[in-house]
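Remarks on the structure that follows.
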Amino acid sequence: MPASMDMQATEALPRDAQSILELAARSMFELFAHASEGMMLVDRQARVVWINDQYRRFLPALGFEREEDFVGHPVSTVVQNTQMHKVLETGKPILIDLLTNRAGTFVVSRIPLRDSVGTVIGALGIVLFDQPEANLQPLIAKFSLLQRDLDEARRELAAQRSQPKAGVRQSKYTFASFVGASPAAVEVKRQARRAAQSSSPVLLLGETGTGKELLAHAIHASSARSNGPFIGVNIAAVPDTLLEAEFFGVAPGAYTGADRKGRDGKFKLADGGTLFLDEIGDMPQGLQAKLLRALQEGEIEPLGSNRLVPFDARVIAATSRDLAALVREGKFREDLFYRLNVLPIRVAPLRERRADIPVLVEMLGEDIALRSGTAPPEVLPDALALLAGQRWRGNIRELRNVLEQTALSSDSQTIDASQLEKILRGAGLDEIAPALKQAKGPGGAELLRPLSEQVAELEQRAIAAALNATGGNKLATARLLGISRATLYGRMENPDK
Ligand SMILES: Nc1ncnc2c1ncn2[C@@H]1O[C@H](COP(=O)(O)OP(=O)(O)O)[C@@H](O)[C@H]1O
Ligand SMILES: [Mg+2]
Numbered sequence: 210m211p212a213s214m215d216m217q218a219t220e221a222l223p224r225d226a227q228s229i230l231e232l233a234a235r236s237m238f239e240l241f242a243h244a245s246e247g248m249m250l251v252d253r254q255a256r257v258v259w260i261n262d263q264y265r266r267f268l269p270a271l272g273f274e275r276e277e278d279f280v281g282h283p284v285s286t287v288v289q290n291t292q293m294h295k296v297l298e299t300g301k302p303i304l305i306d307l308l309t310n311r312a313g314t315f316v317v318s319r320i321p322l323r324d325s326v327g328t329v330i331g332a333l334g335i336v337l338f339d340q341p342e343a344n345l346q347p348l349i350a351k352f353s354l355l356q357r358d359l360d361e362a363r364r365e366l367a368a369q370r371s372q373p374k375a376g377v378r379q380s381k382y383t384f385a386s387f388v389g390a391s392p393a394a395v396e397v398k399r400q401a402r403r404a405a406q407s408s409s410p411v412l413l414l415g416e417t418g419t420g421k422e423l424l425a426h427a428i429h430a431s432s433a434r435s436n437g438p439f440i441g442v443n444i445a446a447v448p449d450t451l452l453e454a455e456f457f458g459v460a461p462g463a464y465t466g467a468d469r470k471g472r473d474g475k476f477k478l479a480d481g482g483t484l485f486l487d488e489i490g491d492m493p494q495g496l497q498a499k500l501l502r503a504l505q506e507g508e509i510e511p512l513g514s515n516r517l518v519p520f521d522a523r524v525i526a527a528t529s530r531d532l533a534a535l536v537r538e539g540k541f542r543e544d545l546f547y548r549l550n551v552l553p554i555r556v557a558p559l560r561e562r563r564a565d566i567p568v569l570v571e572m573l574g575e576d577i578a579l580r581s582g583t584a585p586p587e588v589l590p591d592a593l594a595l596l597a598g599q600r601w602r603g604n605i606r607e608l609r610n611v612l613e614q615t616a617l618s619s620d621s622q623t624i625d626a627s628q629l630e631k632i633l634r635g636a637g638l639d640e641i642a643p644a645l646k647q648a649k650g651p652g653g654a655e656l657l658r659p660l661s662e663q664v665a666e667l668e669q670r671a672i673a674a675a676l677n678a679t680g681g682n683k684l685a686t687a688r689l690l691g692i693s694r695a696t697l698y699g700r701m702e703n704p705d706k
């Protein structure tokens with residue numbers, strides 16, 4: 210077909226309906242042929258009968274060097290995962306679909322071709338575009354946000370309808386809160402959805418800040434126990450000596466003082482719902498045996514009682530540590546590991562799903578804006594590229610902090626690469642992190658000095674880092690450090706600088 214569209218458009222339209230329709234059909238065909246990434250025709254037997262020049266580009270990626278090895282063959286033998294035969298069978302178009310095969314992932318359209326009496330005589334396949342991740346990113350980002358808003362609205366509505374019992378903690382997040390359309394994110398959500406259908410223990414494995422806690426909430430919220438409580442314990446945050454009481458509770462009279470009346474443990478509080486054991490790898494060994502027994506027997510023994518109390522809670526555990534290695538080192542009981550490891554879900558670090566960074570940035574930006582009562586920042590492409598290249602050891606939590614700091618340090622609505630660089634490189638991350646790490650590690654002569662001196666030093670470094678990060682803006686610095694402006698002035702060595 211020659212490129213005669215322009216000429217015809219300047220001529221008068223033909224008068225009879227048949228010619229107009231033919232003209233429209235031809236124009237549409239040419240439009241698609243030019244604007245799409247490729248077109249193919251199959252006959253009634255689903256054999257490829259024609260491909261256009263653009264389509265020919267895909268042949269090597271599909272594994273064909275010569276056109277005659279492709280054209281003339283049944284489409285299902287030359288294009289994996291094709292659905293063209295479905296269109297022929299049903300006579301219904303598939304107007305938009307994702308097709309993944311060895312050549313990549315494509316957005317495709319499939320349309321049946323009919324003869325003058327309406328019989329299906331073949332089908333037209335159009336590759337609308339390739340690289341859907343890049344092309345559809347704005348759409349996917351928008352969709353995720355809308356879905357989240359919808360989800361929030363629904364939850365609020367549900368909460369209004371059925372006021373929960375006093376003290377019952379409802380889950381904060383659902384699967385829609387877990388933003389991301391990268392293969393790794395989709396796979397995690399698929400596994401988590403399946404886990405929600407079961408009542409077996411779930412083990413969430415992944416670095417800090419990857420969304421393990423969020424997923425635990427989401428699993429609970431879409432499980433059969435969603436009307437029950439969601440109770441979390443962060444094992445790393447509770448002193449070892451208090452953990453047993455925290456888990457199993459205290460019988461009345463076991464202690465004097467505040468605990469005289471007895472206190473329910475988390476197992477009891479989670480009755481009928483979900484118990485989330487965060488940082489399970491930090492569990493002291495003595496308690497590991499007790500936890501195992503509780504899980505095996507479905508019964509707990511509150512401190513100071515000699516009665517066993519049955520409980521009914523679904524356990525979700527999480528850890529950022531290499532639990533299998535802890536087992537090998539003898540620091541984590543193997544039998545407890547197997548008890549918890551029934552449905553393991555590995556949550557990928559952010560650097561393995563960089564495709565999610567733009568949509569996460571958008572979502573986090575909105576969230577930060579909501580909390581601070583400002584408009585969401587616009588992250589410019591150069592800044593986005595910089596974000597995409599980071600290592601993100603702290604994953605989404607770190608991404609959030611960096612965005613928050615950058616937004617705070619800037620007076621403008623936009624975030625560009627240079628503003629970001631300041632925060633990323635700023636003393637804030639480079640200096641404080643090693644200082645903290647050192648403080649956590651064993652030994653170190655520099656730590657064997659008066660505490661007041663060390664605290665004062667760290668304070669000054671933190672203030673300097675925050676001032677640096679905010680370009681000297683004192684209000685922003687105070688907010689960043691979580692103190693009032695007056696306190697900041699009081700602690701600055703040289704407030705007039
Ligand atoms: N996929 C995600 N989409 C949106 N927010 C996320 C996602 N994953 C994590 N977050 C957010 O990042 C922060 C850290 O997540 P969290 O679940 O506490 O991580 P972890 O328990 O693995 O340390 C939270 O504010 C959480 O809401
Ligand atoms: Mg966590």
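Quick note on numbering: our numbering labels position 37 of the sequence shown as 246, and the sequence is numbered without any gaps. The C-beta atom is built at its ideal place from N, Cα and C for all residues, glycine as well.
Residue i beta carbon near ligand 1 (any heavy atom closer than 7 Å)
| i | result |
| --- | --- |
| A385 | no |
| E607 | no |
| V664 | no |
| A527 | yes |
| E668 | no |
| E422 | yes |
| G691 | no |
| M249 | no |
| G389 | yes |
| M572 | yes |
| L569 | yes |
Terminal residues of the beta strand (DSSP E) in which residue i lies
| i | result |
| --- | --- |
| S318 | 313-323 |
| P586 | Run containing P586: none; DSSP gives neither H nor E here. |
| R523 | 523-528 |
| A332 | 329-339 |
| V258 | 257-260 |
| I440 | 439-443 |
| M249 | 247-252 |
| V411 | 411-414 |
| T483 | 483-487 |
| K555 | It is Arg, not Lys, that sits at residue 555 in the sequence shown. From DSSP, the beta strand (DSSP E) with R555 extends over 552-555. |
Spatial neighbours of residue i in its chain, beta-carbon cut-off 8 Å, leaving aside the 5 residues before and after
| i | result |
| --- | --- |
| R694 | K683, L684, A687 |
| K470 | P461 |
| Q497 | F541, R542, L545 |
| G691 | none |
| K649 | Here the model assigns K649 a pLDDT of 38, short of 50, so the residue's position is not dependable and the matter cannot be decided. |
Cβ-heavy atom distance, residue i to ligand 2, below 7 Å
| i | result |
| --- | --- |
| T417 | yes |
| D531 | no |
| D491 | no |
| D449 | no |
| D487 | yes |
Residues of its chain near residue i, where Cβ-Cβ distance is below 6 Å and the 5 sequence neighbours each way are ignored
| i | result |
| --- | --- |
| D565 | G389, S391, A394 |
| D196 | This structure does not reach residue 196, given that the chain is present from 210 up to 706, and the question cannot be answered. |
| T679 | S618, A685, T686 |
| A675 | T686, L689, L690 |
| I509 | F457, F476, A503, V518, F520 |
| E702 | none |
Residue interval of the alpha helix (DSSP H) (run including residue i)
| i | result |
| --- | --- |
| F456 | 449-457 |
| T686 | 683-690 |
| G495 | 494-506 |
| L308 | Careful: L308 lies outside any alpha helix (DSSP H), inside the beta strand (DSSP E) at 303-310. |
| D544 | 543-549 |
| V536 | 532-537 |
| R609 | 604-618 |
| V754 | There is simply no residue 754 to check, as the chain begins at 210 and stops at 706 in what is shown. |
| P269 | 268-271 |
Spatial neighbours of residue i in its chain, beta-carbon cut-off 7 Å, leaving aside the 5 residues before and after
| i | result |
| --- | --- |
| V570 | V588, L593, L596, L612 |
| L222 | I229 |
| A427 | Y382, T383, F384, S386, F387, A401 |
| A425 | L413, F485, I525, A527 |
| Q622 | A584, P586, E587 |
Residue i beta carbon near ligand 4 (any heavy atom closer than 7 Å)
| i | result |
| --- | --- |
| L354 | With respect to ligand 4, the structure offers nothing, as its ligand set consists of ligand 1 and ligand 2. |
**Item:** Cβ pair count under 8 Å reaching 3, the segment 611-629 against the segment 587-597
**Value:** yes
**Contact between the segment 471-484 and the segment 431-443 (3+ Cβ pairs under 8 Å)** = yes
**Request:** Please determine if the segment 516-534 and the segment 486-496 are in contact, where contact requires at least 3 C-beta pairs separated by less than 8 Å.
**Result:** yes
**Message:** Contact between the segment 241-249 and the segment 329-342 is defined here as three or more beta-carbon pairs at a separation below 8 Å; is this criterion met?
**Reply:** yes
**Prompt:** Three or more C-beta pairs closer than 8 Å, one from the segment 296-307 and one from the segment 266-280: is that the case here?
**Reply:** no
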